[in-house]
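*Asks:* I have a structure I would like to understand better, so I am pasting it below and will then ask my questions one at a time.
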Amino acid sequence: MAPKKSKYQTIWLSDIHLGCKDCKAQYLLDLLNKVEAKTIYLVGDIIDIWALERRFSWPKLHNQVVDTLIDKAKQGTRVIYIPGNHDEKVRKYIGMTFADIEIHQDYVHTTLQDKKLLVIHGDVFDGKVCLGKWQSRLGDVLYDFLLFLNRVCYATRKRFGWGYWSLAGYIKSRVKGANEAIKRYQDAAIEYAKARGTDGIVCGHIHQPDMIYRDDILYCNDGDWLENCTMLAENLDGSIELIYWTETVQSLTQFSDFAPVTPANQAA
3 MAPKKSKYQT IWLSDIHLGC KDCKAQYLLD LLNKVEAKTI YLVGDIIDIW
53 ALERRFSWPK LHNQVVDTLI DKAKQGTRVI YIPGNHDEKV RKYIGMTFAD
103 IEIHQDYVHT TLQDKKLLVI HGDVFDGKVC LGKWQSRLGD VLYDFLLFLN
153 RVCYATRKRF GWGYWSLAGY IKSRVKGANE AIKRYQDAAI EYAKARGTDG
203 IVCGHIHQPD MIYRDDILYC NDGDWLENCT MLAENLDGSI ELIYWTETVQ
253 SLTQFSDFAP VTPANQAA
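Residue numbers for the sequence shown follow our numbering, so the first one is 3 and each next one is one higher.
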């Protein structure tokens, strides 16, 4: 018998970066083969056109990810693609549907608990996060170096049969400037959601998975598949959960009715 699949109302995936050598396609493909959802949101930077223009690289696993998403769309899963900055060329097709995949600028998702979540990639907030062009360029260079270190760490751990661990994420969490930029991004996203009149926002872009409730807005960042390997999911009861998926699967944070799920909440 085929293994039973995990079922969700909705899942959000972003910053997959297919075509980039740091993409963890093997973990994402494992996820796609083991979960079912009524709706899948692809929240930008799905295909890394920037990386492909610098150096073409398209492993078999990357093709399998695309084929699996198309198959799910053809079999009845609603798949909504919201382009990001690395796949911004797809934005000229907004409003169209290809291979049963809808392309939108952004989207307002209504949860089973009747909460409205604005789904957007998040590069629109760059102007409020970056302090200037040279800081932005320096950040790009440093991040590329972090991914290089992460790649070496991953290869070493794999050689010894150890599971995946994000060295890049560990280093970023200890850099004050990076944490300040993340806070500015969160603030900008929350203000944007308020202006749009939604209860929350789902975004990606900064490769920092998180869920926080601030100023009556639920901020959700579904992370990425270069370093963190996370997805955001709406469970069948309408609760929202951030899930880590590599050799192990772990729930990182869960909100029910926009309140954190704690043992006390669950006991009630």
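Think of the CB as a built atom: it goes at the ideal place given N, C-alpha and C, for glycine as much as any other residue.
(1) Please give the ranges of any alpha helix (DSSP H) in the region 60-110, keeping only runs that are unbroken, at least 4 residues long and fully inside the region.
(2) What's the C-alpha gap between Tyr172 and Ala180?
(3) Under 8 Å: do the region 143-156 and the region 117-133 share three or more Cβ pairs, one atom per stretch?
(4) With DSSP as the reference, label Trp136 as helix, strand or coil.
(5) Whole angstroms is fine: what's the gap from Leu15's alpha carbon to Phe150's?
(6) Relative to the C-alpha of Arg2, which candidate in Val45, Gly21, Ser168 has its C-alpha closest?
(7) Taking the C-alpha atoms as reference points, what is the distance between Arg139 and Phe147?
(8) On the DSSP bridge list, what partners appear for Gly202?
(9) Taking a contact to mean a Cβ-Cβ separation below 9 Å, would you say Asp224 touches Cys205 in this structure?
(10) Beta-carbon within less than 6 Å of Tyr43's beta-carbon, same chain only, minus the 5 sequence neighbours each way: which residues are those?
(11) Classify Ile242 as helix, strand or coil using the three-state DSSP reduction.
(12) Please report the straight-line C-alpha distance between Thr255 and Gln210, rounded to a whole angstrom.
(13) Output the boundary residues of the alpha helix (DSSP H) element that contains Ile51.
(14) Report yes or no: do the region 34-48 and the region 60-77 share at least 3 C-beta pairs separated by less than 8 Å?
(15) Using the DSSP secondary-structure output, state which residues sit across from Asp212 in a beta bridge.
(16) Tell me, which residues are paired with Leu228 by DSSP?
(17) On the CB-based measure, 16 or more other CB atoms within 10 Å of its CB, does Lys9 come out buried or exposed?
(18) Any idea what DSSP makes of Phe162, helix, strand or coil?
(19) List the endpoints of the continuous alpha helix (DSSP H) containing Val131.
(20) May I ask which residues mark the beginning and end of the beta strand (DSSP E) holding Lys174?
*Replies:* In this structure, then:
(1) When DSSP assignments are scanned along the region 60-110, the uninterrupted stretches of alpha helix (DSSP H) that are 4 or more residues long and fall wholly within it turn out to be 62-76.
(2) For the purposes of this step, residue 172 is taken as the residue at position 170 of the sequence shown. For the purposes of this step, residue 180 is taken as the residue at position 178 of the sequence shown. Their backbone Cα atoms lie some 12 Å apart in a straight line.
(3) Counting Cβ pairs under 8 Å, fewer than three are found: no touch.
(4) For this step, residue 136 is matched to residue 134 along the sequence shown. Bear in mind that a pLDDT of 37 at Trp136, under 50, signals an unreliable position, so the number given afterwards is only what the model happens to contain. Three-state result, Trp136: helix.
(5) Within the sequence shown, numbered from 1, the residue matching residue 15 stands at position 13. Within the sequence shown, numbered from 1, the residue matching residue 150 stands at position 148. Taking the straight line joining both Cα atoms gives about 23 Å.
(6) As shown, the chain starts at 3 and ends at 270. That puts residue 2 outside it, with no answer to give.
(7) Counting from 1 along the sequence shown, the entry for residue 139 is found at position 137. Counting from 1 along the sequence shown, the entry for residue 147 is found at position 145. At Arg139, the pLDDT of 48 sits below 50, so the modelled position is not reliable; the number obtained from the coordinates is stated separately. The alpha-carbon atoms of Arg139 and Phe147 are separated by roughly 13 Å.
(8) Indexing the sequence shown from 1 puts residue 202 at position 200. Leu119, Leu220.
(9) Residue numbering aside, residue 224 sits at position 222 when the sequence shown is read from its first letter. Residue numbering aside, residue 205 sits at position 203 when the sequence shown is read from its first letter. A contact, by the Cβ cut-off of 9 Å.
(10) Against the sequence shown, residue 43 aligns to sequence position 41. For Tyr43, where only same-chain residues beyond five positions count, the Cβ hits under 6 Å are Trp14, Ile82, Val121.
(11) Within the sequence shown, the letter at position 240 stands for residue 242. Ile242: strand per DSSP, three-state reduction.
(12) As a working mapping, residue 255 is identified with position 253 in the sequence shown. As a working mapping, residue 210 is identified with position 208 in the sequence shown. C-alpha separation (whole angstroms): 13 Å.
(13) Indexing the sequence shown from 1 puts residue 51 at position 49. Element bounds for Ile51: 51-56.
(14) As far as the Cβ criterion goes, the region 34-48 touches the region 60-77, which means the pair count is three or higher.
(15) One-based indexing of the sequence shown puts residue 212 at position 210. In DSSP, Asp212 forms a bridge with Asn223.
(16) By one-based count along the sequence shown, residue 228 stands at place 226. According to DSSP, Leu228 bridges with nothing at all.
(17) As a position in the sequence shown, residue 9 is number 7, starting the count at 1. Exposure of Lys9 is indicated by the presence of fewer than 16 other C-beta atoms within 10 angstroms of its C-beta.
(18) Residue numbering aside, residue 162 sits at position 160 when the sequence shown is read from its first letter. Here Phe162 sits in coil by DSSP.
(19) Looking up residue 131 in the sequence shown gives position 129. Boundaries of the alpha helix (DSSP H) harbouring Val131: 128-131, taken from the DSSP string.
(20) Position 172 of the sequence shown, counted from the start, is the residue given in the question as residue 174. Run containing Lys174: none in the beta strand (DSSP E); it sits in the alpha helix (DSSP H), 169-174.
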